[in-house]
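Take a look at the structure set out below.
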Amino acid sequence: MSSLPVRTPMLMPRVTLLVLLLSLGWMASSPAEAGLVMEPLPTPIPSGVDGSEIRPRLSAWPTPTATPAVSTARSSTMPPLLQPVRSLSVPPAGEFPISALPLTSEEAPSIDGNRVVWFDDRSQGPTDVWGYDLAGGKEFQVTSHGAAQLFTDISGDVVVYEDNRNGTWDIYATRLSTGEVFAVATGPGHQRFPRIWEDYIVYHDETGDYWQADVYLYQISISTTFPLAVAAGFQGDPDIDNGWVVWRDNRENTWQVRGYRIEDNTYHLLEPGTECRGEIRHPRVSGNTVVWQNECFGWPDPGYDILGYDLVENRRFTVFTGPGQQEHPAVSDHLIIWQDRDAYGNWDVFVYVRADGTVFPVTLEPSQQINPAVSGNTVVWQDNRNHTWDVYGFVWDGQVPPASAPKALSNPRDLHVGASPQGAIRLSWTDNITNELGFVVQRAEGIFGTEWRDWITLPANTTVYTDVDTVVGESYWYRVRAYNNAGDSSYSNESYSTAFDAVPNLDERYMHVLINEARMDPGAWGYPDLAAVNPLGWHPNLAYSARAHALGMNNSNCCQGHVDLAGRGPSERAYDSGYPYGTGENLFQATSGREGMEWAHQGFMDSEGHRNNIMAADLRQVAVGFAPGGRGTLVEVFSGGPPGTTVPALPSGMAVPYTGTVETTFDYLVSFWNEQMLPPHTANVVIDDVAYPMSLRSGQRGRGTYQFSISLPLGIHRYHFKFTWDNPVQVARLPAIGEFTGPYVREYMPEFAFDAWSHGSAVVGYPTELRMWVWNVGEVAAEDVVVAMYRGDPREGGVQIGATQVITRLEAGESRMVAVEWTPDRVGQETIYVWVDPENTIQEVNEANNLTSFPVSVREANLTWYVDASVTKSGDGRLPETAFKTIGEAIPHALFGDTIQVAAGRYQEQVAVPAGVSLVGEGWSQSVIDAGGAEGPVVRLGTDSSLQGFTIQGSADGYFNAGVWIEQGAVVVRENRITGNAFGVWAWFESDQAQVTIEGNIIDRNSRGGVNSNEHPVLIVRNNTVVQNDEGGVVLNHSAGLAENNLIIGNGGSGLVNLVGATVRYNDVWGNNDVWGNGVDYVGGGPGEGGLSMDPMFRDMANGDYRLHAGSPAIGRGTPAGTDMGALPFTPKGTPPSELQIREAGEFQWEVTWSESGAQGYHVYIGTSPGLYSYRFDAGRETRYLLNLLSGLLGNLTYYVAVTGYDDLGDETDISAEVSFSVQAQEHFLYLPLLQTQ
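Dropping the structure here:
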């Protein structure tokens, strides 16, 4: 199977390249180290030196428009560690995880009081800022912008962070209480490393050049920026607290700590850098104390120590000096903390108690603990004990832990782990122990493996072990302990690598050719103004490091970039693979093949930082690591190599494409150069023992890329390159001996590729659809193509999802979608594998590339998202106080089973509710969605969704416009008022299964119809008030439909249309009129059981008050028995009148009387059936009313009379007990002066 080039460039989704800064507290000390150019390479690290002390420099950070990720990390020479490991007290038992998500990297925590903030990549895209309230035990999201946010700080209600939404690194801030986001600094250069205290934010501005940084202060309350330190050189890494700003400064060509006091606008030189001229980093201030790390005596030993300054007494003091490294200090009123690299040769967190000078470790882990921060007695840090970066915390209770009993043995140190071909992984460590009997190597499998087991026992004095029992492509973690008769030592540091088979592969070779072509002729790749430089040779050990890192990144699919999960930069990884020289690194994602490599190479060249690495003149060697499949990680590692390194005349050559048919034109490419720039006498490629002359493709004849193109017959071919030049003649051959194999010329055949994938909302417990498009990119059709999907790798026991799918025929060039339904049963990140032709029954171009995977993030079910039009700025929608401002903002977050809870207010928008989501308002009188006359529906409902508690209004008047549009079944529309649209509710779809439930709604005054249906949806229309719609009330269009308990009153067209035999019962359909004025209430069927055609006695129909009077015939006549008809059931208020009596008061007169009940007035109801009243009149505050009978009454009738009281709001009591009277006379009419509905 061929791998197709990705269609959209993607930034490596890890920003942890900057962990080089975080984990080692480092900032660049030259422009080269800032990643803009390659500095002259350091001298080689002597053999046997403690390699874990190789110190990587800061990675270059490309602007967001530059897609790949860049590092120019370096190594320095290092004397061996001389000091013994010091005895340590036990770490406190009170450590706790604050955020430890799987497959996620949480980094660089800051803390203020009980709130901790950090940035992480849980979204599997650009990093966001998250936080945790230690007091409330709740996590909260601070940012969710589509661009990345990085290093963050918090003070009170405001969180500040780096943000690249504008294409450079800017400073933004968020108010947690309101969700307001505001810009602090958005200058043309990069603004970095913000810190905040109360009303002030401080940051440094790189002004287009990393080395020329300045310090600025921003006052939040007046939105004003002040320059604090603007000078030649570097002023940066600032901090602020208690009215003081501090930063590190080298304007006088020595590192200093300078300060500024806001109160009196004064500057202070806190550390002049005259006694100790080493580098100063990471100044931090709290209260009246400043701390920093100081390199006084050369690096690494004694290395960085922690110094401080008392702002009250104006004196410098020493916090801690000791063996190893002490870096990244932080300070509070009680504690000074830092990360310390002594106990294991990795980083741990240490605490200095200011009251008495006691020092103790918070952590003593063989893993890495870095970037500590402190507030009061609470310490937080970044921790990789789970082999991803997590955030941990510790609260000091004032007690110093007792000293631990000394171990019988010192522990092995400085474990280095590097891969080499044939799956071998080499371990080496420092044995500074004299009384061990041997060593035990432990191994944990998998890139995140933490299940340790004893792997092998080795004799005393062993310092090297090679593990060959590996699976190619798998990652393995290692650690080592010593033992003797007295027991075991502690463990060494932990490290890992990933097994591979051989280097280079075809993609790596081709990228080497492209790198050399760009160096020798930058114009060939779009940069003609750049100076050409010499090509680069290849080094196998550098290639081991590059391939292992690419595979490891593929395996993790998160959590690492230039800095890996063991905290190593590119130089440390190269050292661990046997290459002890400084390196720079480029990272990207790519797909296999000619197009994929060329696309990636152009991406590198179009990014300034990556291009600078490729074009650096002082380089001599390069290696490329590429791991196809998965994320397709591409790693380029550059170096100057050891002193005297030379580059061969033919450093790189390749035939592309790697395979093809007899119609394919193959290009043979080779890089040629010599110091004298002499053109070649002969430039040949020898293919199958036949020499062919090559021509210059790019560059100059004495330094350029040569090409020969040819079509080849079927079969596997072989070739080499041979050039001659100079006098006497010099000869170069590539390869030096033997032949390259390829390309492979094949028959026409199918070839499968994965075109794209997608999936529905992945929520635990709910079904979703997984979709993959399979593409035949071959030359002929394929039949009976088997496709299966799995949760987990099927080669390692992954479980198949759904049934195996078969594509009957897939034509050449055709793409088909395969879909299966899956119900996730757990929350978290899942990897779905898709396997095409798993048995390899179809002969293809590449049989080994039929398996791919894609991530699916499964979220917890039944979340509630909040929307409130009254908020100033949208928040994350998780809480009412952090609500979204519009419904549309909540829609993308809501998945199946979720609820969007909308506060009172007017929402001027159109809404498409996703499948399975409930949209709930505060009630139709409170929450209004208004489309403002826009075309289309106001609300469109997806399958299994629901709408409740809104007024829905404002659609345009066209035929296909509606308040609520339903085109998929199993939908509920409940307790809304749907008014002022074209149609009220329109269901248009074909379904014998899914039901649309329309219940408890007021659907009125729509210009076309109330409830309409096309095709044959099953409508359950229950307890609605459908009134005064211009062209009709309700249309049922399926025999399984139901209309019951509705009031369908006064609509301009027919009342209830039922031409399909649906069930109609217990409705009051009255006063409707079709277009001919025939007064048609029912079309296609009658009223059914319990049906009425009577005035429902609304309280004020003309003004839209559809509440029922107490004597309404709709009260209590629905189903089940006693249910009111319509959307607004009658609710009695107060005590009904009593002692109701009627007497004949004269000829044709009857007087009704009742007792005073304290009501504001009384209604009298009269009808000819018990409890069923046709007329109502108002008696005012009187407790009597006179009925007159004049003439013309037909037949003998009995009249039933009841009375209600009403209050000053018009709310009525229940009806009184009835009285009745009979009319015996014939040919009389009953005359009631106010006997009309009021």
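With mature numbering (1 follows the signal peptide of the UniProt record, and there is no 0) applied, the sequence shown covers -34 to -1, 1 to 1204. Quick reminder that beta carbons are idealized off the backbone N, C-alpha and C, glycines included. These numbers come from a predicted model, not from an experiment.
Nearest-angstrom Cα separation, counted from Trp1120 out to Gly1127: Position 1161 of the sequence shown, counted from the first residue, corresponds to residue 1127. Position 1154 of the sequence shown, counted from the first residue, corresponds to residue 1120. C-alpha separation (whole angstroms): 12 Å.
Identity of the residue in Val366, Thr774, Ala296 and His353 nearest Pro338 by Cα: Counting from 1 along the sequence shown, the entry for residue 338 is found at position 372. It is Ala296 whose Cα lies nearest to the Cα of Pro338.
Touch test, the stretch 579 to 599 against the stretch 513 to 525, Cβ-Cβ under 8 Å, three pairs minimum: yes
Bridge partners - Tyr1172, DSSP secondary structure assignment: Mapped onto the sequence shown, residue 1172 falls at position 1206. Answer by DSSP bridge pairing, in chain order: Gly1127 and Glu1178.
Selection from Val962, Glu1178 and Met620 that minimises the alpha carbon distance to Met1063: Translated into the one-based positions of the sequence shown, residue 1063 becomes position 1097. Nearest option by C-alpha distance: Glu1178.
DSSP state of Arg577 mapped onto helix, strand, coil: In the sequence shown, residue 577 corresponds to position 611, counting from 1. In the structure shown, Arg577 sits in a helix (DSSP, three-state: H, G or I).
Helix, strand or coil at Pro701 according to DSSP, with G and I counted as helix: Within the sequence shown, numbered from 1, the residue matching residue 701 stands at position 735. In this structure, Pro701 counts as coil in the three-state DSSP scheme.
Assigned secondary structure, residue 1205 (DSSP; H/G/I helix, E/B strand, else coil): It is not possible to answer for residue 1205, since the shown part of the chain is limited to -34 through 1204.
Residues sharing a beta bridge with Met571, DSSP: Taking the sequence shown and counting its residues from 1, the one referred to as residue 571 is at position 605. None, per the DSSP bridge assignment.
Buried or exposed by the 16-neighbour rule on C-beta atoms within 10 Å, applied to Gly253: To locate residue 253, count along the sequence shown from 1; it is residue 287. That one is exposed.
Coil, strand or helix - Met620 by DSSP: The residue given as residue 620 occupies position 654 in the sequence shown. Residue state, collapsed to three classes: strand.
DSSP-derived helix/strand/coil call for Ser1188: Looking up residue 1188 in the sequence shown gives position 1222. Strand at Ser1188.
Contact set for Glu551: own chain, Cβ-Cβ below 6 Å, skip 5 residues either direction: Residue numbering aside, residue 551 sits at position 585 when the sequence shown is read from its first letter. Closer than 6 Å at the Cβ level, and outside the excluded window around Glu551, lie Ser37, His528, Pro536 and Val603.
Cβ neighbours of Arg792 in the same chain (closer than 7 Å, five flanking residues each side left out): As a first step, residue 792 must be located in the sequence shown, where it is residue number 826. Excluding sequence neighbours, Arg792 sits near Val730 and Val824.
Straight-line Cα distance separating Ser110 from Tyr138: As a position in the sequence shown, residue 138 is number 172, starting the count at 1. As a position in the sequence shown, residue 110 is number 144, starting the count at 1. Roughly 13 Å separates the two Cα atoms.
Sequence-distant residues of its chain with Cβ nearer than 7 Å to Leu829 (five each side left out): Start at 1 with the first residue of the sequence shown, and residue 829 comes out as number 863. Here the set comprises Asp864.
Bridge partners - Thr625, DSSP secondary structure assignment: As a first step, residue 625 is located in the sequence shown; it is residue number 659 there, counting from the start. According to DSSP, which records beta bridges pairwise, Thr625 is partnered with Tyr710.
Tyr510 (DSSP reduced to helix, strand or coil): Working through the sequence shown from its first residue, we reach residue 510 at position 544. DSSP places Tyr510 in helix when its eight states are reduced to three.
Sequence-distant residues of the same chain with beta carbon closer than 6 Å to Met783, five excluded per side: One-based indexing of the sequence shown puts residue 783 at position 817. Result list for Met783: Arg737 and Trp739, in chain order.
Contacts around Pro387, its chain only, beta-carbon distance under 8 Å, and the 5 residues preceding and following it disregarded: Reading the sequence shown from its first residue, position 421 is the one you call residue 387. The answer, listed in chain order, is Phe466, Asp467, Ala468, Val469 and Tyr510.
Gln90 to Ser543 span [Cα, whole Å]: As a working mapping, residue 90 is identified with position 124 in the sequence shown. As a working mapping, residue 543 is identified with position 577 in the sequence shown. Between Gln90 and Ser543, the C-alpha separation is close to 30 Å.
Buried or exposed (CB count within 10 angstroms, at least 16 for buried), His382: Locating residue 382 in the sequence shown gives position 416, where the first residue counts as 1. The residue in question, His382, is buried, as its Cβ has 16 or more Cβ neighbours within 10 Å.
Opening and closing residue of the beta strand (DSSP E) in which Pro75 lies: On the sequence shown, residue 75 is found 109 positions in, with the first residue counted as 1. Taken as a continuous stretch (DSSP letters only), the beta strand (DSSP E) holding Pro75 covers Glu72 to Asp78.
Simplified DSSP assignment, three categories, for Pro266: The sequence position of residue 266 within the sequence shown is 300, counting from 1. With a pLDDT of 43 at Pro266, under the threshold of 50, the modelled position of this residue cannot be trusted, and the question is left open.
N- and C-terminal bounds of the beta strand (DSSP E) containing Asp215: Counting from 1 along the sequence shown, the entry for residue 215 is found at position 249. Here the beta strand (DSSP E) through Asp215 covers Trp210 to Asp215.
Alpha-carbon spacing of Phe955 relative to Leu1002, whole angstroms: Looking up residue 955 in the sequence shown gives position 989. Looking up residue 1002 in the sequence shown gives position 1036. Using only the alpha carbons, I get a separation of about 13 Å.
Coil, strand or helix - Leu375 by DSSP: Translated into positions along the sequence shown, residue 375 becomes position 409. In the structure shown, Leu375 sits in coil (DSSP, three-state: anything other than H, G, I, E or B).
Alpha-carbon spacing of Asp435 relative to Ile422, whole angstroms: In the sequence shown, the residue the question calls residue 435 occupies position 469. In the sequence shown, the residue the question calls residue 422 occupies position 456. Going from the Cα of Asp435 to the Cα of Ile422 covers about 11 Å.
Test item: CB-CB of Ile64 and Val317 under 9 Å: For the purposes of this step, residue 64 is taken as the residue at position 98 of the sequence shown. For the purposes of this step, residue 317 is taken as the residue at position 351 of the sequence shown. Not closer than 9 Å, so no.
Neighbour-count burial assignment, Asn1011, 16 or more Cβ in a 10 Å radius: Within the sequence shown, numbered from 1, the residue matching residue 1011 stands at position 1045. Per the 10 Å Cβ criterion, buried.
Straight-line gap, Pro1053 to Gly1027 (C-alpha atoms, nearest Å): Reading the sequence shown from its first residue, position 1087 is the one you call residue 1053. Reading the sequence shown from its first residue, position 1061 is the one you call residue 1027. Answer to the nearest angstrom: the Cα atoms are 12 Å apart.
Thr1029 - DSSP class collapsed to helix/strand/coil: Here residue 1029 refers to the residue found at position 1063 when the sequence shown is read from its first residue. Looking at Thr1029 - three-state DSSP - the assignment turns out to be strand.
Asn878 to Trp831 span [Cα, whole Å]: The sequence position of residue 878 within the sequence shown is 912, counting from 1. The sequence position of residue 831 within the sequence shown is 865, counting from 1. This sequence places Ala at residue 878; Asn is not what is there. Those two C-alpha atoms are separated by around 15 Å.
Met755 (DSSP reduced to helix, strand or coil): Taking the sequence shown and counting its residues from 1, one reaches residue 755 at position 789. In the structure shown, Met755 sits in a strand (DSSP, three-state: E or B).
Rounded distance between the beta-carbons of Gly79 and Ser341, thought under 8 Å: Here residue 341 corresponds to residue number 375 of the sequence shown, with the count starting at 1. Here residue 79 corresponds to residue number 113 of the sequence shown, with the count starting at 1. About 6 Å separates the two Cβ atoms, so the contact holds.
The beta strand (DSSP E) enclosing Asp1034, as first and last residue numbers: Counting from one through the sequence shown, the residue named residue 1034 turns up at place 1068. Segment Asp1034 to Trp1036, the beta strand (DSSP E) holding Asp1034.
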